[in-house]
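First residue of the sequence shown? That's 312 in the working numbering, and the numbers climb one at a time after it.
Down below is the structure, laid out as structure tokens.
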Amino acid sequence: MKAVKTHVGRCDTCGEPAAYAQLLSGGRSFRFCEQHAPLLVKKQAAATSSTSNEDTKK
Ligand SMILES: [Zn+2]
312 MKAVKTHVGR CDTCGEPAAY AQLLSGGRSF RFCEQHAPLL VKKQAAATSS
362 TSNEDTKK
């Protein structure tokens, strides 16, 4: 699973502007606002944006 911060699109749950996107296989994605983003998505997005020098680390 990969997740990133985004400013594109709207939350799938409530329709507010999205803050996070969860990227799925096949080019699909889920979008979440701050309120509805699962904790795992927030953690993953934070890790993605802050650990570009640790790509191989899980
Ligand atoms: Zn929402």
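For glycine and all other residues, C-beta sits at the position ideal for the given N, C-alpha and C.
Quantities reported herein were computed from a predicted structural model and do not represent experimental measurements.
- If you ignore the 5 residues before and after V315, its C-beta comes within less than 6 Å of the C-beta of A332, A356, T359, all in its own chain and listed in chain order.
- For A358, the three-state secondary structure derived from DSSP is helix.
- A straight-line Cα-Cα distance of about 18 Å links D323 and M312.
- For R342, the uninterrupted beta strand (DSSP E) segment begins and ends at 340-343.
- Rounded to the nearest angstrom, the gap between the Cα atoms of A329 and V319 is 6 Å.
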